[in-house]
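J.:
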Amino acid sequence: MAKLTKKQKEAHGKIDKNKLYSLEEASALVKEITNAKFDASVDLAVRLGVDPRKANQMVRGVVTLPHGTGKDVKVLALVTPDKEAEAKEAGADYVGLDEYLDKIKSGWTDVDVIITMPSVMGKLGPLGRVLGPRGLMPNPKTGTVTMDIAKAVSEVKAGKIDFKVDKTGIVHAAIGKVSFSEDKIKDNAKELLDTLMKLKPTAAKGIYVKSVYISSTMSPSVQLDPKVVA
Numbered sequence: 021m022a023k024l025t026k027k028q029k030e031a032h033g034k035i036d037k038n039k040l041y042s043l044e045e046a047s048a049l050v051k052e053i054t055n056a057k058f059d060a061s062v063d064l065a066v067r068l069g070v071d072p073r074k075a076n077q078m079v080r081g082v083v084t085l086p087h088g089t090g091k092d093v094k095v096l097a098l099v100t101p102d103k104e105a106e107a108k109e110a111g112a113d114y115v116g117l118d119e120y121l122d123k124i125k126s127g128w129t130d131v132d133v134i135i136t137m138p139s140v141m142g143k144l145g146p147l148g149r150v151l152g153p154r155g156l157m158p159n160p161k162t163g164t165v166t167m168d169i170a171k172a173v174s175e176v177k178a179g180k181i182d183f184k185v186d187k188t189g190i191v192h193a194a195i196g197k198v199s200f201s202e203d204k205i206k207d208n209a210k211e212l213l214d215t216l217m218k219l220k221p222t223a224a225k226g227i228y229v230k231s232v233y234i235s236s237t238m239s240p241s242v243q244l245d246p247k248v249v250a
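The sequence shown begins at 21 in the numbering used here and counts up by one.
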C-alpha cells in the first residue's frame, strides 16, 4: 500500500471514522479535506438494497441539479437539417448527423452527452458497441431521445444528469465542484438523494439506502447518516 502524504494524513485525521455525518457537516468537511490544486469534482456514492440483475429492481433516472455540475458539458445533437438551428440556439456544441455518425464509427467520442430524435435512433443502433460502454447511447428514459431538442439541450447544459445503479448496487454521480459553497453542495446532494428515494422499486425489500458517501476527486470519503434520505 502506498504511503500517505502529509496532506493526505491531515485529511484522514479530520474524519471521525466512527461518526455518521449530516448532509450539512459532510458538505463542509469535503471542502476542508480536499487539497487538489485543481477544482476537484464532488461525488456521491449511494449503496442501495437492490439486486440490479433483476429488471424490477433496476434503479435509473435523471435529476436536474439546482446549481448545475460545475462542468462545461459537451453536447452532440444528432439531428436532421430542420432541427439544426434549434439545437445550435439551445447551446449544443456539435450539431449534425451523417458526418458525426462517420466520426463516431472511426472512434470519436469526445462528448459528454448525445441528444437525438426518435427517427435517428435506427442509425445509432450499429454504434452501440462504441457508445454503450461509454454511457453515451441516447435513451428515451433519460430524455436524450426526443423531438424537443431545444429543451433537452438546455436541460443538460443547466445541470441535468442521468444515473444508474451499477452491478454492485451502487449509484455514483458527480454533484458539483469543490469551489461550490457548502450550501450548493448540500442542495445538489439532497436533490439527487430525494430523487433516488422516489425511485425505490416496489420489489426491493429491507433497507433501501444502505450507505451514503461523499468525496472529492482526491479526498478520502465522508460517510453520511443514511437516515438523512429516509
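Glycine is no exception: its CB is placed at the ideal position from the N, C-alpha and C atoms.
Can you give the beta carbon distance from V82 to G163, rounded, assuming they're within the 8 Å contact cut?
T.: Correct: roughly 6 Å between the Cβ atoms.
J.: Following the continuous alpha helix (DSSP H) through I35, name the residue where it begins and the one where it ends.
T.: No alpha helix (DSSP H) contains I35, which DSSP labels as neither H nor E.
J.: Just list the alpha helix (DSSP H) runs in the region 129-176, keeping only unbroken ones of 4 residues or longer that don't cross its boundaries, in chain order.
T.: Runs found: 141-144, 148-151.
J.: Considering only C-alpha positions, which residue in the set S139, I35, L156 is nearest to I2?
T.: Since the first residue shown for the chain is 21 and the last is 250, residue 2 is missing from the structure and cannot be characterised.
J.: Whole angstroms are fine: how far does the CA of R149 sit from the CA of G33?
T.: Spanning the two alpha carbons is a distance of roughly 44 Å.
J.: Is it the case that the region 46-66 contacts the region 159-174, given that we only count it when at least three CB pairs across the two stretches are under 8 Å?
T.: Touching, no, given that fewer than three Cβ pairs across the two stretches are closer than 8 Å.
J.: Considering only their Cβ atoms, is the gap separating A75 from A97 smaller than 8 Å?
T.: Against a cut-off of 8 Å, the Cβ pair of A75 and A97 comes out as no contact.
J.: To the nearest angstrom, report how far apart S201 and P146 are at their CA atoms.
T.: When rounded, the distance between both Cα atoms is 43 Å.
J.: Roughly how many whole angstroms lie between the Cα atoms of T166 and T222?
T.: Those two C-alpha atoms are separated by around 28 Å.
J.: Using a Cβ-Cβ cut-off of 8 Å (strictly less than) and excluding sequence neighbours within five positions of Q77, which residues of its own chain qualify?
T.: V70, D71, P221, A223, A224, listed in sequence order.
J.: Considering only C-alpha positions, which residue in the set V198, A46, D245 is nearest to G90?
T.: Measuring from the Cα of G90, the nearest candidate turns out to be V198.
J.: Just curious, the beta strand (DSSP E) that K230 is in, first and last residue?
T.: Where K230 is concerned, the enclosing beta strand (DSSP E) stretches over 229-236.
J.: Whose C-beta lies closer than 8 Å to the C-beta of E44 among residues of the same chain, with five residues either side of it excluded?
T.: So the list reads E202, K206, once near-sequence residues are dropped.
J.: Would you kindly work out how many angstroms separate the C-alpha atoms of Y41 and D245, rounded to a whole number?
T.: Looking at the two C-alpha atoms, the distance is approximately 6 Å.
J.: To the nearest angstrom, how far is it from the Cα of A107 to the Cα of A178?
T.: About 15 Å.
J.: Looking only at its own chain, which residues have a Cβ that is under 8 Å from the Cβ of A60, when we skip the five neighbours before and after it?
T.: Excluding sequence neighbours, A60 sits near T54, K197, V198, S236, T237, M238, S239.
J.: Taking Cβ to Cβ, would you say A172 is nearer than 8 Å to I135?
T.: Yes, these two residues count as a Cβ contact at 8 Å.
J.: Would V95 pass as a contact of I169 if the rule is Cβ separation under 8 Å?
T.: No, Cβ-Cβ distance for V95 and I169 is not below 8 Å.
J.: Output needed for R154: all residues of its chain with C-beta closer than 8 Å, excluding positions within five of it in sequence on either side, in chain order.
T.: Once the five neighbours on either side are set aside, the close Cβ partners of R154 are T129.
J.: If we require 3 or more residues per run, which beta strand (DSSP E) segments fall completely within the region 43-97?
T.: Listed in chain order, the complete beta strand (DSSP E) runs (minimum 3 residues) inside the region 43-97 are 61-68, 80-84.
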